[in-house]
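Chains as they are written, first to last, in our numbering: chain A, 10 to 568; chain B, 4 to 331.
Right under this line is the structure:
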């Protein structure tokens, strides 16, 4: 009897415990944010945007930038070029599809995309405390910057790998494997983000807002994305669109919202688009609020930046100061990767940029140039003097000891007084997009569209600014299409030397194989000689991606 | 005592027995090499996919090209490790290659290693005969590209003179050529001779171009050269003007002529000669005959000059000259 009682009570207890279990699981944890309710204020959305910018500051991101953009090309030699290391294999184009750096580049850019997607997918959840125009504008600018950053990360991927998977803005466990989109689809996606960012953002942000991507950054990156889609020597609407954007950015020809968006009223209603992009809805507009229409002119962009060497206050600076702290957000700087001192006394953080330039400008640089290469790049151009050899002095009087025969760029150098308190930090920002790039892209597009005379004018604007360094009056000279193109490419190489863009510039010019193979043939270790034309212009999709997707993500041809 | 001894023996045997047994268990499995290859005839840089379908602990594949030849494995040639049974590769040179797959198994302590091999021959074909682009790389400092007018015909349009700074040096018809072909192995013959990058070719003649791929396929092209026509001389009422060139566009000219003040230019007969033989001048679509066609020069007049290759009527070069009359 007692035994039975015991059994029953046990069963009852068991049942009770099951029911309570279910109730318990249903309850929400109080005071705990989830992705469903987190993004309800602009401050929280801003914190998600900050997290996206954080990727740009990460060591992995910057590491991948110089390895792919600079070390693989013909302006530098590298310390790590042996075929036994992953880096050596990468720069020699003798890697396999499991190369660590290739995987890193893939992963860090997708990490950035994922973070940008958090902002973009959740922006609609923000609730405003009042109906001020400025409240809408603030959210719109957060969303616009996220779009710019997402485009930047996708652009990095497309120029490295070709068409890549476009991740859904909201990731679900049911669709983790996404097949690759074509290169054209990816570029269309990038363009859409940039065009929208261009109308959502202020032209440039200054003072306490410096560092935010403005519409200048969006338009500059848009021109670059168009340039990478076009082929030199082949007419295309991409070149024409670049000219149109150049006229707006450089010449100050007005451009409307609809022009920038290439807006099609049959695709999306204007008011719906405004709401989606956080422009204040028309029905809530008060008479004093501005109302942006498709035909409204975009704010002037050509007055926001200039080729002059001047700091953010307009005081004139030296050429190389453009790359130092003095010249942060200077008149020619459109977008920078902002590195901040941690100020907490700690060393070894991974997002303060210390590692980036310290490895290059050091007593044992990871990459460096040589006398011969500098002669090839610069000839007698005054910009050559911003590269230092062993036992020579920096502008602020520090002795450079990079090693005999090596030359390092002052673009990588941090002046003594700008150096941070803590190791592992970096004292200066990395310049990502510059106005000179916009002017030279415009010049190239003009030449491609058969307007050599206007191209020469833009090209010589850059040259004239450089001439102020040595009071020279030498300018580029007019000529046929091929001559103009060669001169523009020559100026690009001089102006953007050692800014980690050379490899991708060569690839989009269609002469990577020719240039890099010729470079490799002259080197003892033949680095670059094994570049395979038609294959190595794109890097392989990381093998791990192919493996985990069971082949849904396909490999690039030739690998 | 005897009893004790046998107990020891027995127990020793019993102890040994599992030892042997475990030894036998630790023997390597029998490897079996087997691959499925998606194609055995490939183009240059075309991806070949190999799936391993056998039994092995480790698989390596020797692709048979330079540095990866199984026959030369003792001479520092290497194979590739296969991961997850999938291997992709492409060849950058044409040829026939012996692809060898090694399936190996081993036991835990690697005291027993076994191998099985299988192989397949693949053929890599380079039959690229398509000329992608064709240019004269040294027109002063410019590289001038030819245009494709039909599948096998290219036309090179060259200026007679190029404006550079204040001078206008003449451009010879004896020029270097440059071919853009997507292959390192394809050979090009110009006028029956193997093409040389520094050889100068007489472009006054139509050039026969013969392209032979590594595979053996051939294709013939013709390169016609037409110079942009210009006025050699152009006079109105016996007065000559000055030809202006554009450094950017070799087909666009200006011509300025200065006449005495008060000259009636609404109905004049210009006298002109063209530089080349197969050239004609038009205003709009009406042909102009020197010394006979009357023209109204009260506004600038744009002449359209058309030069044609004697060998192919489709190979034309057209230039425009805008004639402006000024008065003293």
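For each residue, glycine too, the CB sits at the ideal point set by N, CA and C.
What does the alpha-carbon distance come out to for the pair residue i and residue j?
{"i": "residue 143/B", "j": "residue 165/B", "result": "7 Å"}
{"i": "residue 312/B", "j": "residue 385/A", "result": "41 Å"}
{"i": "residue 404/A", "j": "residue 478/A", "result": "15 Å"}
{"i": "residue 72/A", "j": "residue 547/A", "result": "19 Å"}
{"i": "residue 107/A", "j": "residue 82/B", "result": "15 Å"}
{"i": "residue 317/B", "j": "residue 241/A", "result": "26 Å"}
{"i": "residue 41/B", "j": "residue 92/B", "result": "11 Å"}
{"i": "residue 476/A", "j": "residue 211/A", "result": "32 Å"}
{"i": "residue 379/A", "j": "residue 369/A", "result": "14 Å"}
{"i": "residue 129/A", "j": "residue 238/A", "result": "25 Å"}
{"i": "residue 227/A", "j": "residue 303/B", "result": "45 Å"}
{"i": "residue 326/B", "j": "residue 161/B", "result": "22 Å"}
{"i": "residue 156/A", "j": "residue 147/A", "result": "14 Å"}
{"i": "residue 253/A", "j": "residue 48/A", "result": "38 Å"}
{"i": "residue 270/A", "j": "residue 487/A", "result": "35 Å"}
{"i": "residue 572/A", "j": "residue 376/A", "result": "There is no way to answer for residue 572/A, as the model of chain A reaches only from 10 to 568."}
{"i": "residue 281/B", "j": "residue 172/B", "result": "23 Å"}
{"i": "residue 236/B", "j": "residue 524/A", "result": "45 Å"}
{"i": "residue 499/A", "j": "residue 68/B", "result": "38 Å"}
{"i": "residue 26/B", "j": "residue 371/A", "result": "Summary for residue 26/B: the model assigns pLDDT 48, below 50, so the residue's position carries little reliability, and this model does not support an answer."}
{"i": "residue 127/B", "j": "residue 101/B", "result": "11 Å"}
{"i": "residue 140/A", "j": "residue 41/A", "result": "28 Å"}
{"i": "residue 442/A", "j": "residue 170/A", "result": "21 Å"}
{"i": "residue 306/A", "j": "residue 467/A", "result": "24 Å"}
Can you have a look at residue i and say buried or exposed, based on whether 16 or more other CB atoms are within 10 angstroms of its CB?
{"i": "residue 231/B", "result": "buried"}
{"i": "residue 489/A", "result": "buried"}
{"i": "residue 202/A", "result": "buried"}
{"i": "residue 480/A", "result": "exposed"}
{"i": "residue 491/A", "result": "buried"}
{"i": "residue 59/B", "result": "buried"}
{"i": "residue 111/A", "result": "buried"}
{"i": "residue 341/A", "result": "buried"}
{"i": "residue 143/A", "result": "exposed"}
{"i": "residue 461/A", "result": "buried"}
{"i": "residue 29/A", "result": "Confidence is the limiting factor: at residue 29/A the pLDDT is only 49, short of 50, which leaves the residue's position unreliable and the question unanswerable from this model."}
{"i": "residue 349/B", "result": "This structure cannot settle anything about residue 349/B, because the visible part of chain B is limited to 4 through 331."}
{"i": "residue 133/A", "result": "exposed"}
{"i": "residue 322/A", "result": "exposed"}
{"i": "residue 124/B", "result": "exposed"}
{"i": "residue 203/B", "result": "exposed"}
{"i": "residue 182/A", "result": "exposed"}
{"i": "residue 129/B", "result": "buried"}
Bridge partners of residue i, per DSSP?
{"i": "residue 222/B", "result": "214/B"}
{"i": "residue 246/B", "result": "258/B"}
{"i": "residue 411/A", "result": "BP columns for residue 411/A are empty, so no partner."}
{"i": "residue 61/B", "result": "107/B"}
{"i": "residue 307/A", "result": "Answer is none; residue 307/A lacks a bridge partner."}
{"i": "residue 322/B", "result": "308/B"}
{"i": "residue 519/A", "result": "None; residue 519/A has no bridge partner."}
{"i": "residue 136/B", "result": "183/B"}
{"i": "residue 159/B", "result": "228/B"}
{"i": "residue 118/B", "result": "107/B"}
Determine whether the Cβ of residue i lies closer than 8 Å to any Cβ atom of chain D.
{"i": "residue 541/A", "result": "Of the protein chains in the structure, A and B, none is chain D."}
Going by the C-beta, is residue i closer than 7 Å to any heavy atom of the ligand ZN?
{"i": "residue 32/B", "result": "In the structure on display, the ligand ZN does not appear, and there are no ligands present to speak of."}
**Study point:** Minimum length 3: unbroken beta strand (DSSP E) runs contained in the stretch 58-84 of chain A
**Key:** none
Check your understanding: Taking a cut of 9 Å between CB atoms, which residues from the stretch 134-157 of chain B lie near chain A?
Key -> 136, 138, 140, 142, 143, 144, 145, 146, 147, 148
Check your understanding: Using a Cβ cut-off of 8 Å, which residues of the stretch 46-80 of chain B contact any Cβ in chain A, in chain order?
Key -> 47, 48, 49, 50
Review point. In chain order, what residues of the stretch 85-100 of chain B put their CB closer than 7 Å to some CB of chain A?
Key: 86, 87, 91, 93, 95
Point to revise | Contact residues within the stretch 469-496 of chain A, judged by C-beta distance below 8 Å to chain B | key: 486, 487, 488, 489, 490, 491, 492, 493, 495
Point to revise | Members of the stretch 239-257 of chain B that neighbour chain A once the beta carbon cut-off is set at 9 Å | key: 249, 250, 251, 252, 253
Practice item. Can you give me, in chain order, the residues of the stretch 524-550 of chain A that have a beta carbon less than 7 Å from any beta carbon in chain B? Key: 541, 543, 544
Check your understanding: Which residues, in order along the stretch 145-172 of chain A, keep a beta-carbon less than 8 Å from a beta-carbon of chain B?
Key -> none
Point to revise | the stretch 162-173 of chain B: positions lying closer than 9 Å to chain A by Cβ | key: 162, 165, 166, 167, 168
Review point. Where are the alpha helix (DSSP H) runs, 4 residues long or more, that stay fully inside the stretch 277-341 of chain A, in chain order?
Key: Taking only runs of at least 4 residues, the alpha helix (DSSP H) segments lying wholly in the stretch 277-341 of chain A are 279-285.
**Study point:** Selection of the stretch 213-245 of chain A by Cβ proximity to chain B, strictly under 9 Å
**Key:** 242
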